[in-house]
Ligand SMILES: Nc1ncnc2c1ncn2[C@@H]1O[C@H](COP(=O)(O)OP(=O)(O)OP(=O)(O)O)[C@@H](O)[C@H]1O
Ligand SMILES: [Mg+2]
């Protein structure tokens, strides 16, 4: 049955059974049980205990009901009391960053970057479906045969994806991504994702309005880095942020967050990142921050960066700094404005100043593994010049990643840029350009 129908049915007759309400019994149940004791039980024990107590309460205080009616009342009271069931304690645990349910029997979680499988699961497939319904109902979506895939964002910020059979061959699949915690650059330094000098350098680059692309694989920490770096955009600037699913948490006062919109059930009404980028250009932005470029909007973004909207920040899915340049070319060529290859290449070269590459280590850690500047080369082309590289030691037996962040002198274009905007680079990254070096008095 479709979610909506089910909810409507619930609303129409469900909340009232034999003259009493589910809410009433849930209240009575919570008065009766010892919550501290309950917390020590496993999910299955908890359910059994609550069902027993509810059963006794209904028998003792409630109306006379047919056994089927009584059982269904007890089940609904307990379902409500348990909220999202097995998922409740997982959602309450701030250290869990991702929850993956592969059918009723297999629940995986990600904690500190590592995946583990939980013991136990949902009591039945039916119960998993109920939980899914309850989750997507919070955002007025439904999952059924006609819309077997749903993407939603919960009011608490969690990103949820559901896909059910027949598309999924192993039962209903639920993936919940925690709303990413906002880390400051200082915290990222503390976690070993970069060293303090690199943090200072990135802060200066953002303040100096350098165009930065943050690249990395899935879950490598791109959005987290983008969020941390955007804190250095000066307070007086008007910032427009554009995302598919709003995750950035900017602290500045003058921020206009925009979020794209998926098509409705009839496949109409979609507003893409590209539409939003184009619209943003008419909003007099000082900075445009795009959560992730994935298609034709890349060209609009490059053009924006080349026409006075410098200091833009954007992320892209790529595996190395070189790959980022290729990927931007491919994405820009997906635009309906067909530019020759050379024109796209030139747009990229003049738009992008710095690429910050992130990687996720085998131990679950995320760090900057490469920073490169895109600098003009003699033949009219451009090349990538290393600004920082993480030099990893051979993997330790416990699979933890160790190594050191190795800085290189900044290319003159970046040094110039920093000095002209009153930002000195941190000592590890170079000195004043020759023409600005302090000269002894003559
Ligand atoms: N430097 C870091 N150290 C430890 N954990 C991190 C770091 N950066 C991000 N994380 C965690 O990794 C997870 C993924 O982060 P984030 O969403 O920023 O990655 P992403 O690359 O944007 O992912 P996606 O490809 O899905 O957009 C989050 O739970 C986040 O809190
Ligand atoms: Mg992201």
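In the UniProt record's numbering, the protein residues as written are 1 to 442. All C-beta atoms in this analysis are idealised placements derived from N, C-alpha and C, irrespective of residue type, glycine included. The model shown is predicted, which means the values in this text are computed figures rather than measured ones.
Would you grab the beta carbon distance between residue 197 and residue 428 for me? Rounded to a whole angstrom, and I think it's under 8 Å.
4 Å between Cβ atoms; contact.
For residue 172, which option in 422, 308, 217, 121 has the closest C-alpha, if you only look at C-alpha atoms?
Looking at the Cα atoms, 121 is the closest of the given residues.
Quick check: the segment 68-87 against the segment 130-140, are at least 3 beta-carbon pairs closer than 8 Å?
Counting Cβ pairs under 8 Å, three or more are found: they touch.
How many angstroms separate the CA atom of residue 157 from the CA atom of residue 27?
Their backbone Cα atoms lie some 28 Å apart in a straight line.
If you drop the 5 nearest sequence neighbours on each side, which residues of the same chain put their C-beta closer than 7 Å to that of residue 90?
Answer for residue 90: 96, 99, 109, listed in chain order.
If we ignore side chains and look at the alpha-carbon of each, how far apart do residue 112 and residue 220 end up?
Approximately 12 Å between the Cα atoms of the pair.
In the DSSP output, which residue or residues are listed as bridge partners for residue 388?
According to DSSP, residue 388 bridges with 371, 407.
In terms of alpha-carbon separation, which member of 245, 239, 246, 244 lies closest to residue 253?
Here the closest residue by C-alpha is 239.
Measuring straight from C-alpha to C-alpha, what distance separates residue 369 and residue 426?
Residue 369 and residue 426: Cα-Cα distance of roughly 19 Å.
Any chance you could list the alpha helix (DSSP H) runs of at least 4 consecutive residues sitting entirely within the segment 194-241, in chain order?
DSSP runs (the alpha helix (DSSP H)) wholly in the segment 194-241: 196-207, 222-230.
With a 10 Å radius around its C-beta and 16 neighbouring C-beta atoms as the bar for buried, classify residue 315 as buried or exposed.
That one is buried.
Could you spell out the range, first to last residue, of the beta strand (DSSP E) harbouring residue 313?
Here the beta strand (DSSP E) through residue 313 covers 313-317.
Would you give the residue range spanned by the alpha helix (DSSP H) that residue 184 belongs to?
Run containing residue 184: none; DSSP gives neither H nor E here.
Pairs of beta-carbons, one from the segment 36-48 and one from the segment 62-69, closer than 8 Å: are there three or more?
Output reads no: the segment 62-69 does not touch the segment 36-48.
Counting Cβ pairs closer than 8 Å, one from the segment 180-198 and one from the segment 291-309, do we hit at least three?
Touching, no.
What does the alpha-carbon distance come out to for the pair residue 152 and residue 139?
Roughly 7 Å between the two C-alpha positions.
Give the DSSP-derived three-state secondary structure of residue 144 in the structure shown.
Residue 144 falls in the strand class under three-state DSSP.
Can you give me the Cβ contacts of residue 327 inside the same chain, cut-off strictly under 8 Å, excluding the 5 residues immediately before and after it?
Contacts found: 215, 316, 317, 318.
Should residue 406 and residue 423 be called a contact, given that it needs their Cβ atoms to be closer than 7 Å?
Not closer than 7 Å, so no.
Alpha carbon to alpha carbon, how far is residue 303 from residue 200?
Taking the straight line joining both Cα atoms gives about 28 Å.
Hey, is the segment 324-340 in contact with the segment 168-187, meaning 3+ C-beta pairs nearer than 8 Å?
No, they do not touch.
Do you know whose CA, among 348, 349, 363, 367, lies nearest residue 357's CA?
Nearest of 348, 349, 363, 367 to residue 357, Cα basis: 367.
Buried or exposed, going by whether 16 or more other CB atoms sit within 10 Å of the CB of residue 244?
Residue 244 should be labelled buried.
Between residue 290 and residue 277, how many whole angstroms is the CB-CB distance? I'm expecting something under 8 Å.
Right, the Cβ-Cβ distance comes to about 7 Å (below 8 Å), so this counts as a contact.
For residue 386, which option in 101, 411, 59, 51 has the closest C-alpha, if you only look at C-alpha atoms?
When each option's Cα is compared against that of residue 386, the closest is 411.
When the distance is taken between beta carbons, is residue 418 closer than 7 Å to residue 260?
Result no, Cβ atoms of residue 260 and residue 418 do not sit closer than 7 Å.
When you compare the segment 267-276 with the segment 220-229, are there three or more beta-carbon pairs, one atom per stretch, that lie closer than 8 Å?
With the cut-off at 8 Å, the segment 267-276 and the segment 220-229 do not touch.
Exposed or buried, what is residue 74 when buried is set at 16 or more other beta-carbons lying within 10 Å of its beta-carbon?
Residue 74 is buried by the Cβ-count criterion.
Return the bridge partner residues of residue 357 from the DSSP annotation.
Per DSSP, 215, 370.
Can you list, in chain order, the residues of its chain with a C-beta nearer than 6 Å to that of residue 128? Leave out the 5 residues immediately preceding and following it.
Excluding sequence neighbours, residue 128 sits near 104, 122, 172.
Do residue 352 and residue 213 have their C-beta atoms within less than 7 Å of each other?
Yes. Within cutoff.
If we ignore side chains and look at the alpha-carbon of each, how far apart do residue 359 and residue 403 end up?
One C-alpha to the other measures close to 14 Å.
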